[in-house]
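Numbering (the numbering used here) for the sequence shown: 6 to 235.
Every residue gets a Cβ at the ideal spot worked out from N, C-alpha and C, and that includes glycine.
Written below as structure tokens is the structure these notes are about.
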Amino acid sequence: AGFESNVGYASGFFQIKIKLPNKDFSGLTSDPDGKGGNHDELDFEFLGSNGPPFTLQTNVFANDEGGREQRFHLWFDPTSDFHTYGIVWNQHQVVFYVDKTPIRVFKNNTKIGVSYPSQQLVIQGSIWNGETWASGGRKIDWSQAPFVASFVGFGVTGCQFQSSDSKDQCYISSPKLWWNGDKYLGLDPAERKALQDARTKYLYDDYCSKHADIHQECQINKNTSYGIGE
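And the structure:
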């Protein structure tokens, strides 16, 4: 089950409030972004659970190259109330937010050969069977069905993709395209501190810890305490 936006975007700020199923949903994955094929992709993935800790996985695909999973233990119960999940995407960085707290930054490092999301993206949400990998071997208990993930407060402030030839217009800085402005070229000191705190406390699985040899951005990230490669 899922939904998808009618149009694609080339940059913007996207957020939504989500509440996960309030029952044993081990093996299920709720995923508000994603697209198959030769593609770019920015993912929030909520991995099924029968209780705390609750796991949020983020991932970045660029030119169909993924394998950039980072997993966090959420510091709240995502089944008891709505929480806000957001993404800022411009030509400088991708920032993942949870309740306005930055938890991950993926910088544009194309200058050293790292692929960066630059194709049009649609917005998707779904709930699907991920028992083969998402729940540590636990199978879905279908007696708990139906599994209901709730989505509200959907907000898109994005630049609509028109064509490959004209997408550069989505990268300019202007009052209308505020997410391309100087403020969003990087994080300010308060955001850096919040990012570092969140990652220190809640990040427990990072692709750079396992596959740094095949992801060049990891060589930059290891030189910072907050893992954003600046």
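Next item on the list: Pair every Cβ in the segment 158-167 with every Cβ in the segment 12-26, then say whether three or more of these pairs are closer than 8 Å.
Entry: yes
Item checked: Of the listed residues Gly53, Gln20, Arg204, nearest to Lys144 (C-alpha basis) -> Mapped onto the sequence shown, residue 144 falls at position 139. When each option's Cα is compared against that of Lys144, the closest is Gly53.
Next item on the list: Would you list, in sequence order, the uninterrupted alpha helix (DSSP H) runs of no fewer than 4 residues that lie entirely inside the segment 188-219?
Entry: 194-207, 212-215
Check: Ile21 to Ala217, Cα distance in whole Å?
Finding: Within the sequence shown, numbered from 1, the residue matching residue 21 stands at position 16. Within the sequence shown, numbered from 1, the residue matching residue 217 stands at position 212. Their Cα atoms are separated by approximately 31 Å.
Notebook entry, point to check: Which word fits Ala203, buried or exposed, when buried means at least 16 other C-beta atoms lie within 10 angstroms of its C-beta?
Noted result: Residue mapping note: residue 203 aligns to position 198 of the sequence shown, counting from 1. Buried, because 16 or more other Cβ atoms sit within 10 Å of the Cβ of Ala203.
Check: For the candidate residues Leu47, Glu222, Tyr209, whose alpha-carbon lies nearest to that of Pro58?
Finding: Looking up residue 58 in the sequence shown gives position 53. The shortest Cα separation from Pro58 among Leu47, Glu222, Tyr209 belongs to Tyr209.
Next item on the list: In the DSSP assignment, find the beta strand (DSSP E) that holds Val157 and state where it starts and stops.
Entry: Sequence index remark: in the sequence shown, residue 157 carries index 152 (1-based). First-last of the beta strand (DSSP E) with Val157: 155-165.
Next item on the list: Over the uninterrupted beta strand (DSSP E) stretch that includes Ile108, give me the two end residues.
Entry: Along the sequence shown, read from residue 1 onward, the residue named residue 108 stands at position 103. Per DSSP, Ile108 belongs to the beta strand (DSSP E) from 106-112.
Notebook entry, point to check: Relative to the ligand NAP, is the shortest distance from any of its heavy atoms to the C-beta of Pro194 smaller than 7 Å?
Noted result: Inclusion of the ligand NAP in the displayed structure is not the case, the ligand content being empty and no account of it being possible.
Next item on the list: Under the assumption that Ile132 contacts Ala150 (Cβ atoms under 8 Å), give the Cβ distance between them as a whole number of angstroms.
Entry: Counted from its first residue, the sequence shown places residue 132 at position 127. Counted from its first residue, the sequence shown places residue 150 at position 145. Going by Cβ atoms, the distance from Ile132 to Ala150 rounds to 11 Å, so no, they are not a contact pair.
Checklist line | Glu70 to Asp45 span [Cα, whole Å] | finding: Translated into the one-based positions of the sequence shown, residue 70 becomes position 65. Translated into the one-based positions of the sequence shown, residue 45 becomes position 40. Those two C-alpha atoms are separated by around 8 Å.
Next item on the list: Please go through the same chain and pick out, in chain order, the residues whose beta-carbon is closer than 6 Å to the beta-carbon of Ala73, but skip the five residues on each side of it.
Entry: The residue labelled residue 73 in the question sits at position 68 within the sequence shown. Per the sequence shown, the amino acid found at residue 73 is Arg instead of Ala. So the list reads Asn64, Val65, Tyr212, once near-sequence residues are dropped.
Checklist line | Residue(s) in a DSSP beta bridge with Ala67 | finding: As a position in the sequence shown, residue 67 is number 62, starting the count at 1. In DSSP, Ala67 forms a bridge with Glu70.
Next item on the list: May I have the straight-line CA-CA distance separating Lys105 from Asn55, to the nearest angstrom?
Entry: Here residue 105 refers to the residue found at position 100 of the sequence shown. Here residue 55 refers to the residue found at position 50 of the sequence shown. When rounded, the distance between both Cα atoms is 26 Å.
Note to self: Can you tell me where the beta strand (DSSP E) holding Ala15 begins and where it ends?
What the structure shows: Working through the sequence shown from its first residue, we reach residue 15 at position 10. Run containing Ala15: 14-24, per the beta strand (DSSP E) assignment.
Check: Bridge partners of Trp147, per DSSP?
Finding: Position 142 of the sequence shown, counted from the first residue, corresponds to residue 147. BP columns for Trp147 are empty, so no partner.
Next item on the list: Ignore the nearest five residues each way along the sequence and tell me which others in Ser10's own chain have a CB closer than 8 Å to its CB.
Entry: Residue mapping note: residue 10 aligns to position 5 of the sequence shown, counting from 1. So the qualifying residues of the chain are Val127, Ile128, Gln129, Val161.
Notebook entry, point to check: In whole angstroms, what separates the C-alpha of Phe77 from that of Tyr207?
Noted result: Here residue 77 corresponds to residue number 72 of the sequence shown, with the count starting at 1. Here residue 207 corresponds to residue number 202 of the sequence shown, with the count starting at 1. Cα-Cα distance, rounded: 5 Å.
Notebook entry, point to check: With 16 other CB atoms within 10 Å as the buried threshold, where does Ser67 fall?
Noted result: Position 62 of the sequence shown holds residue 67. According to the sequence provided, residue 67 is Ala. The question's Ser does not apply to it. Buried is the call here.
Check: Cα-Cα, which of Leu61, Tyr176, Gln201, Glu222 is closest to Gln124?
Finding: In the sequence shown, the residue the question calls residue 124 occupies position 119. It is Tyr176.
Next item on the list: Please name the residue or residues paired with Asp48 in a DSSP beta bridge.
Entry: Position 43 of the sequence shown holds residue 48. Per DSSP, Asn64.
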